[in-house]
Amino acid sequence: MSNIPENLRYSKDHEWVAVDGDLATIGITDYAQHSLGDVVYVDFPRVGDNFDAHAAFGSVESVKAVSEIFTPVGGEVTEVNEGLNDTPESVNGDPYGDGWMVKVRMSNPGEADALMSSAEYEEYLEASS
Amino acid sequence: MTDTELKRTPLNAAHRSLGGKMIDFGGWDMPVQYSAGVLEEHLRCRNAAGLFDVSHMGEVWVEGPGAIAFVNWLTTNDVSKLVDGQAHYSCMTNENGGVVDDLLVYRFGPERLLLVVNAATTDKDLSWINSQHSTESGCTVRNASPYYCQIAIQGPKAESILQGLTDTDLSAIKYYWFTEGVVDGVEAIISRTGYTGEDGFEVYAAPEFAEQLWNKMLEAGRYGEPDGILPCGLAARNTLRLEAAMSLYGHEITDDVMPIQANLSWITKLGKEGGFIGRDAIATAKEAGPRSLIAGFEMTEPGIARDGYDVFVNGEKCGQVTSGSPAPFLKKNIGFAFLPAEFAKPGQEIKIDIRGKHVGAVIVPTPFYKRQK
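Protein chains in written order, with this note's numbering: chain A, 202 to 330; chain B, 549 to 921.
Set out below in structure tokens:
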């Protein structure tokens with residue numbers, strides 16, 4: 202059973218978003234890290250880059266495969282989790298904490314409201330399994 | 549393809565109960581990893597022991613007075629040099645010298661050879677072998693794949709773990725030798741071979757004993773303890789063989805690649821008596837110098853090369869990655885590429901097109917990893 206914290210918003214691409222004003226912290230869900238297996242590398246966007254919602258803005262690589270990460274909300278990248286360069290395994294061990302990936306200053310904070318709640322994401326996972 | 553159509557080894561239920569994440573591997577329902585994950589499985593095999601279900605591999609008996617001559621004609625290595633109880637690595641080649649499959653040849657007796665071939669190519673190999681076979685071959689060809697399970701126990705602790713389950717003196721079996729013995733009361737072929745770059749054994753037995761042997765080996769290897777044995781899935785099998793620079797059929801070697809292009813000159817005996825299928829094509833290519841070669845590389849910039857990515861030298865596309873992966877023990881990103889011969893030399897800088905970004909890598913000598921003896 203996947204860990205799905207209640208205070209976050211979720212995308213269909215299995216990213217989570219923590220909203221604080223117009224600042225969004227983004228990572229991949231417990232379900233996503235589990236499907237990927239051991240994460241060995243995260244390829245980030247650059248700080249200052251701008252993305253529309255749902256654009257591919259980086260990738261996360263496990264031993265076996267590479268998956269693109271899509272930003273669930275549009276805006277400017279203000280910070281990337283450089284710590285993952287040394288400890289990419291945090292994405293597996295603590296996907297909602299130390300495994301966070303990118304912070305984005307949202308150009309339209311309303312986009313976050315359109316994402317799924319934890320209950321909706323749980324249903325989504327059940328429906329797609 | 550749905551689950552019901554996939555072939556299953558006798559250890560299918562065991563994999564599932566160990567948390568195996570099952571995938572379709574060439575028509576077989578196989579574990580790509582277990583609950584520990586590929587990194588831990590890989591490292592445990594290097595540092596202690598790993599257990600692999602390789603029951604999907606194909607076994608083919610060739611028997612009769614003409615067996616040695618027939619297999620010698622089919623394969624590139626020199627079967628006449630094998631003695632009873634000895635095995636070698638070899639390739640079957642087509643008329644153009646391309647590799648039909650890579651395989652192990654075991655000599656049980658002067659009229660009795662066992663070929664062990666890749667799972668996904670077993671049917672293709674059998675058609676090829678039968679197409680070369682006639683009543684004049686003086687031997688029979690018999691697919692025995694359904695009658696064997698095969699379990700590989702690999703790593704520095706493999707010998708001591710397996711020794712606890714058999715009276716056969718394992719220390720007396722040299723690398724690439726084998727013996728028939730009894731493991732935990734079960735008749736088995738015990739072969740000191742493997743596909744990980746570690747010391748270890750491959751154990752062949754009747755499939756009804758697969759679960760018994762598998763569970764006994766896990767128990768004897770103290771599965772569950774921090775330095776105990778771990779079952780290893782296909783993902784770890786791939787990263788282990790890649791670090792050890794062993795070829796994977798369909799990647800480094802294919803129907804269109806000659807063994808001498810893939811660092812396999814050491815098993816290509818152009819001078820052996822009677823020759824072999826494709827021998828002349830290979831000899832001609834060798835004389836002219838093959839145009840393309842397989843070479844090992846490691847990334848010099850952040851990024852992971854994957855199978856099929858394009859390789860560039862001086863801004864020009866010149867080749868492709870055949871296998872690319874993180875190397876969990878070496879903590880580097882490595883791979884093999886198929887390149888023009890002039891670039892397939894250690895020290896050559898190359899760029900790999902990683903989803904549109906040209907990322908630096910350098911050709912290095914192989915193997916990437918060699919165990920301390």
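By construction, the Cβ of each residue, glycine as well, lies at the ideal position given by its N, Cα and C atoms.
Small disclaimer: the values here were computed from a predicted structure and weren't measured.
Do residue i and residue j have their C-beta atoms within less than 7 Å of each other?
| i | j | result |
| --- | --- | --- |
| B/Thr714 | B/Gly733 | no |
| B/Ile677 | B/Val689 | yes |
| B/Leu841 | B/Ala892 | yes |
| B/Met847 | B/Leu599 | no |
| B/Ile902 | B/Pro874 | no |
| B/Ile709 | B/Ala768 | yes |
| B/Leu651 | B/Ala635 | no |
| B/Leu661 | B/Val619 | yes |
| B/Gly844 | B/Val910 | no |
| B/Gln698 | B/Tyr752 | yes |
| B/Ile815 | B/Thr641 | no |
| A/Asp223 | A/Pro310 | yes |
| B/Ala596 | B/Asp828 | no |
| B/Thr727 | B/Glu800 | no |
Within its chain, find whatever has a CB closer than 7 Å to the CB of residue i; leave out the 5 residues flanking it on each side and keep chain order.
| i | result |
| --- | --- |
| A/His215 | Ile229, Thr230, Tyr232 and Ala233 |
| A/Gly264 | In the sequence under discussion, the amino acid at residue 264 of chain A is Val, which differs from the Gly named in the question. So the qualifying residues of the chain are Gly238, Asp239 and Val241. |
| B/Cys866 | Val859, Phe860, Leu887, Pro888 and Phe891 |
| B/Gln711 | Leu718 |
| A/Gly249 | Glu277 and Val278 |
Under the assumption that residue i contacts residue j (Cβ atoms under 8 Å), give the Cβ distance between them as a whole number of angstroms.
| i | j | result |
| --- | --- | --- |
| B/Ile882 | B/Leu790 | 7 Å |
| B/Leu718 | B/Glu707 | 5 Å |
| B/Trp576 | B/Ile825 | At roughly 28 Å, the Cβ-Cβ gap does not stay under 8 Å, so B/Trp576 and B/Ile825 are not in contact. |
| B/Gln868 | B/Pro838 | About 16 Å; that fails the 8 Å criterion. |
| B/Gly703 | B/Gly748 | 6 Å |
| B/Gly745 | B/Leu796 | About 13 Å separates the two Cβ atoms, so there is no contact after all. |
| B/Trp725 | B/Gly633 | 6 Å |
| B/Ile737 | B/Thr716 | Their Cβ separation, rounded to whole angstroms, is 11 Å, which puts B/Ile737 and B/Thr716 out of contact at 8 Å. |
| A/Met317 | A/Arg210 | 7 Å |
| A/Val292 | A/Val261 | 7 Å |
Hey, out of the options, whose CA is closest to residue i's CA?
| i | options | result |
| --- | --- | --- |
| A/Pro289 | B/Gly863, B/Tyr743, B/Lys918 and B/Pro850 | B/Pro850 |
| B/His906 | B/Glu864, B/Lys555, B/Ser685 and B/Ala617 | B/Glu864 |
| B/Cys922 | B/Gly798, B/Ala885, B/Val861 and B/Ala853 | Chain B is shown from 549 up to 921; residue 922 of chain B falls before or after that span and cannot be answered. |
| B/Arg919 | B/Arg740, B/Phe884, B/Val631 and B/Phe877 | B/Phe877 |
| A/Asn251 | A/Gly275, A/His235 and A/Val267 | A/Gly275 |
| A/Lys235 | A/Glu277, A/Ile205, A/Lys304 and A/Phe271 | Inspection of the sequence shows that residue 235 of chain A is occupied by His rather than by Lys. Residue A/Ile205 is the option with its Cα nearest to A/His235. |
| B/Phe817 | B/Ala561, B/Arg556, B/Gly645 and B/Ile801 | The question names Phe, but residue 817 of chain B is Lys in the sequence shown. Nearest C-alpha to B/Lys817: B/Gly645. |
| B/Pro579 | B/His636, B/Asp775 and B/Asp601 | B/Asp601 |
| B/Glu553 | B/Ser565, B/Ala562, B/Ile571 and B/Val731 | B/Ile571 |
| B/Ile830 | B/Val647, B/Met605, B/Ala615 and B/Tyr743 | B/Val647 |
| B/Gly585 | B/Ala784, B/Tyr917, B/Glu897 and B/Glu821 | B/Ala784 |
| B/Ala667 | B/Tyr696, B/Gly769 and B/Ala635 | B/Tyr696 |
| B/Ser583 | B/Gly567, B/Ala597 and B/Cys593 | B/Gly567 |
| B/Glu659 | B/Asp673, B/Ile616 and B/Pro558 | B/Ile616 |
| A/Phe245 | A/Phe271, A/Asn293, A/Asn309 and A/Leu224 | A/Phe271 |
| B/Tyr654 | B/Gln680, B/Trp609, B/Gly614 and B/Lys672 | B/Trp609 |
| B/Glu821 | B/Arg594, B/Asn595 and B/Asp626 | B/Asp626 |
| A/Asp295 | A/Glu324, A/Trp217 and A/Lys213 | A/Trp217 |
| A/Ala315 | A/Tyr297, A/Ala254, A/Glu280 and A/Val281 | A/Ala254 |
| B/Gly772 | B/Glu800, B/Arg592 and B/Met806 | B/Arg592 |
| B/Val631 | B/Glu643, B/Gly657 and B/Glu611 | B/Gly657 |
| A/Val281 | A/Tyr297, A/Tyr322 and A/Val243 | A/Val243 |
Closer than 6 Å by C-beta to residue i: which residues in its own chain qualify, once you throw out the five before and the five after it? Chain order, please.
| i | result |
| --- | --- |
| A/Glu277 | Asn251 and Arg306 |
| B/Gly606 | Val665, Thr670 and Ser693 |
| B/Ala700 | Phe600, Val602, Gly742 and Glu750 |
| B/Pro915 | Ala792 and Ala793 |
| A/Ala219 | Leu209 and Thr226 |
Taking DSSP's pairing of strands, which residues face residue i in a bridge?
| i | result |
| --- | --- |
| B/Gln868 | B/Asp858 and B/Phe886 |
| B/Glu611 | B/Arg660 and B/Thr688 |
| A/Glu280 | A/Lys304 |
| B/Cys697 | B/Ala753 |
| B/Val627 | Answer by DSSP bridge pairing: none, since B/Val627 is not bridged. |
| A/Phe252 | A/Gly276 |
| B/Phe600 | B/Ala700 |
| B/Ala635 | B/Tyr654 |
| B/Phe845 | B/Gly883 and B/Ile911 |
| A/Arg361 | Nothing about residue 361 of chain A can be reported from this structure: the residues present for chain A run from 202 to 330 only. |
| A/Thr288 | Its beta-bridge partners do not exist; DSSP assigns none. |
| A/Tyr242 | A/Glu262 |
| B/Ala875 | B/Lys880 |
| B/Tyr582 | DSSP, once it has assigned bridges, lists no residue as partnering B/Tyr582. |
So, for residue i: in the same chain, excluding its five sequence neighbours on each side, which residues have a beta-carbon less than 8 Å away from its beta-carbon?
| i | result |
| --- | --- |
| B/Met549 | In this prediction, B/Met549 scores a pLDDT of 47, lower than 50, which makes its location untrustworthy; no coordinate-derived value is stated. |
| B/Glu589 | Gln581, Tyr582, Gly598, Leu778, Pro779, Cys780, Gly781, Ala783 and Ala784 |
| A/Lys213 | Met317 and Tyr325 |
For chain C, check one thing: does any of its Cβ atoms lie closer than 7 Å to the Cβ of residue i?
| i | result |
| --- | --- |
| A/Val292 | Note that chain C does not occur in the displayed structure, where the protein chains are A and B. |
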